[in-house]
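Taking it in order: structure first as structure tokens, then the write-up.
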Amino acid sequence: MRLNSSLAWIALAIFALTGVACAPMYMWVHPSGDQTQLDRDSAQCEYEATAATQQIDYSYRTTFGQELDRAIRRNEIGVLCMKAKGYSQRPITGQ
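Numbering (the numbering used here) for the sequence shown: 1028 to 1122.
Right, here's the structure in full:
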């Protein structure tokens, strides 16, 4: 049973990495367009998201599962923080 669980996690990781490689890239935009403010807000949201996800969810039985869960939660909190500050995501198009 443990081997099947490990194989499932490996398959999930490969699937996730493939999806990330194929996913379009996005950038944060704000109506004011101020790069300095974007840098400050981004750093603050990243700090708050990291601080809010220090607790480990032990219902995931592997370290990989726990860290994957924490990374997903950190990203979700960061996105919500940026949206709360008035930012939206725009796809990056080729130059």
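Heads up, the beta-carbon is just placed ideally off N, CA and C, and yes, glycines get one too. Values in this document were obtained by computation on a predicted structure and should not be read as measured data.
Buried or exposed for residue 1114, going by 16 or more other Cβ atoms inside 10 Å?
Your numbering for residue 1114 matches position 87 in the sequence shown. It is buried - the Cβ of residue 1114 has at least 16 other Cβ atoms within 10 Å.
When the Cα atoms are used, what is the spatial distance from residue 1051 to residue 1116?
The residue given as residue 1051 occupies position 24 in the sequence shown. The residue given as residue 1116 occupies position 89 in the sequence shown. Roughly 11 Å separates the two Cα atoms.
Is it the case that the Cβ atoms of residue 1080 and residue 1101 are separated by a distance below 8 Å?
As a position in the sequence shown, residue 1080 is number 53, starting the count at 1. As a position in the sequence shown, residue 1101 is number 74, starting the count at 1. Going by C-beta atoms, residue 1080 is nearer than 8 Å to residue 1101.
Given residue 1104, which residues of its chain have a CB within under 6 Å of its CB, disregarding the five upstream and five downstream residues?
Residue numbering aside, residue 1104 sits at position 77 when the sequence shown is read from its first letter. The residues are 1076, 1079.
Report the residue from 1037, 1035, 1041, 1067 whose alpha carbon sits nearest the alpha carbon of residue 1112.
The residue given as residue 1112 occupies position 85 in the sequence shown. Residue 1067 is the option with its Cα nearest to residue 1112.
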